[in-house]
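K.L.:
My numbering applies: residue 28 is where the sequence shown begins, and numbers increase by one. Below is the structure I would like to discuss, written out as structure tokens.
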Amino acid sequence: MKPSQHFLLSFSTSLLAGVACALVVFFMQDWFDAHDLYPPIGMLVAFILGHTVMRWFFRNYVRVECLFGCGKKAYALKGRSDRFRCEQCGNDM
């Protein structure tokens with residue numbers, strides 16, 4: 028997949044994962060109330076956790092193809108958001 032596709036897919040699925048986690052907390056409001064916990068804070072924490080875990084998964088396990096024609100895969104650069112380096116030719120994308 029291309030770097031732009033990787034970004035769009037990782038961002039959209041991380042938002043969906045965050046919403047799904049927040050919905051789980053929303054549907055468990057009775058349990059939160061029974062344990063004297065505040066559900067909106069739990070929903071916020073669940074959203075942030077779901078979003079972060081999905082972004083981490085995409086960054087570490089979903090590779091992109093080199094755009095310079097060498098046919099190898101590129102890995103994400105550490106400390107750079109959605110920047111990739113080919114493992115064979117070394118070009119940045």
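Backbone N, C-alpha and C fix where the C-beta goes; we use that ideal spot for every residue, glycine too.
Have a look at Phe-95 and Ala-61 and give me their C-alpha separation to the nearest angstrom.
P.N.:
For the purposes of this step, residue 95 is taken as the residue at position 68 of the sequence shown. For the purposes of this step, residue 61 is taken as the residue at position 34 of the sequence shown. Near 58 Å, if we compare the C-alpha coordinates of Ala-61 and Phe-95.
K.L.:
Taking the alpha helix (DSSP H) that Phe-59 belongs to, which residues open and close that run?
P.N.:
Residue mapping note: residue 59 aligns to position 32 of the sequence shown, counting from 1. Start and end: 56-61.
K.L.:
Please give the ranges of any alpha helix (DSSP H) in the stretch 36-86, keeping only runs that are unbroken, at least 4 residues long and fully inside the region.
P.N.:
56-61, all fully within the stretch 36-86.
K.L.:
Just how far apart, CA to CA, sit Phe-34 and Phe-85?
P.N.:
Locating residue 34 in the sequence shown gives position 7, where the first residue counts as 1. Locating residue 85 in the sequence shown gives position 58, where the first residue counts as 1. About 9 Å.
K.L.:
Pull the bridge partners of Glu-92 from the DSSP assignment, please.
P.N.:
The count along the sequence shown starts at 1 and reaches residue 92 at position 65. Paired residue(s): Lys-100.
K.L.:
Do we get a CB-CB distance below 9 Å when we pair Phe-111 with the residues of chain B?
P.N.:
The structure shown contains no chain B; it is built from a single protein chain.
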